[in-house]
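Before any comments, here is the structure.
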Amino acid sequence: MLVRVTSGIFIRNINTAYSTSTRGAMASSAVLPHNEITKEQFASHLSQYPALLEAISESKGAKDGQKTLSELDHFRYVDAVETFDLKNPKREMELEDIKTLVEWKLRHGKFRPKLLSLVSSNPPATVSQTLDFARNFYTNSNDARGTVRTLAKLKGIGPATASLLLSVHDAQNAIFFSDEAFYWLCCGGKKASIKYNIDEYAALNDEAQALVKRLDVSATDIEKVAYVLMKGQGLAKDAKPDTNKANAPAKASNPAASEPKKRKTTSNNESVKTETKAEEKALTEENPSVRRSKRLRK
């Protein structure tokens with residue numbers, strides 16, 4: 002069981018969440034290629050997802066009245082899939098369901114400060130009509146690319162978020178356009194710039210479909226394995242002790258050396274502005290309609 006996080010406590014608990022052999026595999030500099038992974042290796046990495054997700058959930062915590070990442074993850078991979086499965090839906094998806102899925106996306110991956118408010122601004126009637134059209138289109142055509150394009154017409158819904166909505170309707174075949182899945186399936190396991198456009202999603206979907214057929218696994222399980230390979234490896238690297246610092250000889254006492262060096266600093270407001278601009282750039286790349294709406298307001 003993990004405790005409230007400080008960086009040191011978190012890393013120690015990450016280590017205890019996995020076996021020694023697993024940590025050794027994660028520490029490898031190379032990510033296992035998706036076109037070489039065996040069914041046994043896939044299953045082994047998939048089994049590590051719950052512990053990794055719980056560790057990250059505990060590290061992020063949750064505000065009063067806010068769902069934890071673990072609770073959101075259960076909704077995304079269990080409740081939503083059982084409720085909205087195209088073959089046997091219990092009810093139709095509504096705006097509140099989309100907002101919960103978007104909250105999961107923001108907590109599970111990169112945080113976009115304005116995404117949830119944009120999604121919330123969609124009229125419920127428009128959401129219902131768009132979802133209904135997309136469901137019928139996908140059922141009749143099995144065209145994931147076209148369905149994602151249709152869903153991306155909603156405010157705040159770019160190809161990545163649209164693919165998430167599609168994924169809970171067809172968990173077996175439709176993959177969510179996550180950073181980790183794209184890095185693993187399309188970038189050789191290396192982090193690279195993502196434009197979040199429909200062509201990138203199509204490329205990701207093609208690679209995912211090939212893996213689904215080769216290993217007889219689901220698209221959502223591919224997401225989880227990619228998350229373990231990309232996130233788990235990074236955490237394992239963070240957990241490595243800095244042996245250079247630990248073994249370095251202590252420096253001789255020098256009053257002058259102990260005085261902090263003056264350096265140019267950036268105010269908190271400037272730091273926030275810089276971070277916000279970067280996040281807004283990523284959001285507009287994922288959803289071009291946001292860029293257009295800004296122009297209209299000028």
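Each number in the numbering used here comes from the position in the sequence shown (counting from 1) with 1 added on. Beta carbons: idealized from backbone N, C-alpha and C, even for Gly.
Candidates the options: which alpha carbon is nearest residue i's?
i, options, result
"Lys64", "Arg108, Ala203 and Asn36", "Arg108"
"Lys106", "Val213, Thr69, Ala203 and Leu230", "Thr69"
"Lys115", "Lys100, Ser129 and Lys191", "Lys100"
"Lys88", "Thr162, Asn143 and Gln210", "Asn143"
"Ala209", "Ser71, Lys232 and Ala227", "Ala227"
"Pro124", "Glu95, Val103, Arg136 and Val149", "Glu95"
"Lys196", "Ala220, Gln67 and Pro160", "Pro160"
"Val32", "Leu212, Ala203 and Lys191", "Lys191"
"Leu165", "Glu72, Asn36, Tyr50 and Arg77", "Arg77"
"Ala135", "Ser122, Thr151, Val128 and Ser121", "Thr151"
"Lys154", "Gln130, Asn137 and Arg92", "Gln130"
"Thr140", "Gly62, Ala126, Pro90 and Thr39", "Pro90"
"Phe112", "Glu41, Lys61 and Ser122", "Lys61"
"Lys137", "Asn174, Glu93, Glu97 and Ala126", "Checking the sequence shown, residue 137 turns out to be Asn, not Lys. The shortest Cα separation from Asn137 among Asn174, Glu93, Glu97 and Ala126 belongs to Glu93."
"Met231", "Ala193, Leu73, Glu37 and Lys40", "Ala193"
"Glu104", "Pro51, Leu73 and Asp80", "Leu73"
"Pro117", "Pro51, Ile158, Ile57 and Thr127", "Checking the sequence, you will find Leu at residue 117 rather than Pro. Residue Ile158 is the option with its Cα nearest to Leu117."
"Pro381", "Asn198, Val79, Asp207 and Lys40", "In the structure as shown, the chain begins at 2 and stops at 299. Residue 381 is therefore absent and cannot be evaluated."
"Asn174", "Glu41, Ser122, Asn198 and Asp207", "Asp207"
Residue j and residue i - do their beta-carbons sit closer together than 7 Å?
i, j, result
"Gly110", "Asp222", "no"
"Val169", "Phe85", "yes"
"Leu47", "Lys214", "no"
"Leu119", "Lys156", "yes"
"Leu212", "His35", "yes"
"Ala220", "Ile176", "yes"
"Thr148", "Leu167", "yes"
"Ser45", "Glu55", "no"
"Phe43", "Leu216", "yes"
"Leu53", "Gly233", "yes"
"Val82", "Ala172", "yes"
"Gln49", "Val229", "yes"
How far does the alpha helix (DSSP H) with residue i in it reach, from first residue to last?
i, result
"Tyr78", "Neither: Tyr78 is in no alpha helix (DSSP H) and is coded neither H nor E."
"Lys115", "Taken as a continuous stretch (DSSP letters only), Lys115 belongs to no alpha helix (DSSP H), as it is neither H nor E."
"Leu216", "Ile199 to Leu216"
"Thr221", "Ala220 to Tyr228"
Nearer than 6 Å: is that true of the beta carbon of residue i relative to any heavy atom of the ligand NAD?
i, result
"Trp185", "The ligand NAD is absent from the structure shown, which contains no ligand whatsoever."
Quiz prompt | Any alpha helix (DSSP H) of 4 or more consecutive residues that is wholly inside the segment 126–193 | solution = 145–152, 160–170 and 180–187
Quiz item: For the 8 Å Cβ check, are there 3 or more pairs between the segment 143–159 and the segment 185–194?
Solution: no
Quiz item: Which residue spans inside the segment 47–112 form an unbroken alpha helix (DSSP H) run of at least 4?
Solution: 50–61, 70–75, 81–85 and 96–109
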